[in-house]
Amino acid sequence: MKKILLSGYFIIISCIGILFVPVSLKWGPQLEFYDKRYVPLWQLQSKEFQVDDYYPIYELDIVRIVYEIGIVTLLLFIIYLVLKEVFKSK
């Protein structure tokens, strides 16, 4: 059971770390805040479009990354504790 939950944890964290990276989108001469979004990892370096002769810049949102990892860790830990009690009582 531990191996299955641990593998699931690493798969979920890997998917979140590659496919749903939280970033802040900034652009302009003063790097003004434009939007917060989740983007795939490979889109962080793309210069596909310009806005008024400026390329938008994606900045990693570290606080949201820590929250995501913490929430996933907490949920899987709770699932582990519940399943441990269920298997223990049998």
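According to our numbering, the sequence shown holds residues 581 to 670 in order.
Note that beta-carbon positions come from the ideal geometry of N, C-alpha and C, so glycine has one too.
All of these numbers come straight from a predicted model, not from anything done at the bench.
Straight-line spacing of the CA atoms in LEU605 and ASP632 works out to 15 Å.
In this structure, DSSP gives LEU605 an extended state, which the three-state scheme calls strand. Our two residues, TYR647 and LEU656, have alpha carbons roughly 14 Å apart in a direct line. With a beta-carbon spacing of about 20 Å, VAL601 and LEU654 fall beyond the 8 Å limit used to define contacts. At the C-beta level, VAL662 and ILE592 stay beyond 8 Å of one another. For PHE590, the enclosing alpha helix (DSSP H) starts and ends at 582–599.
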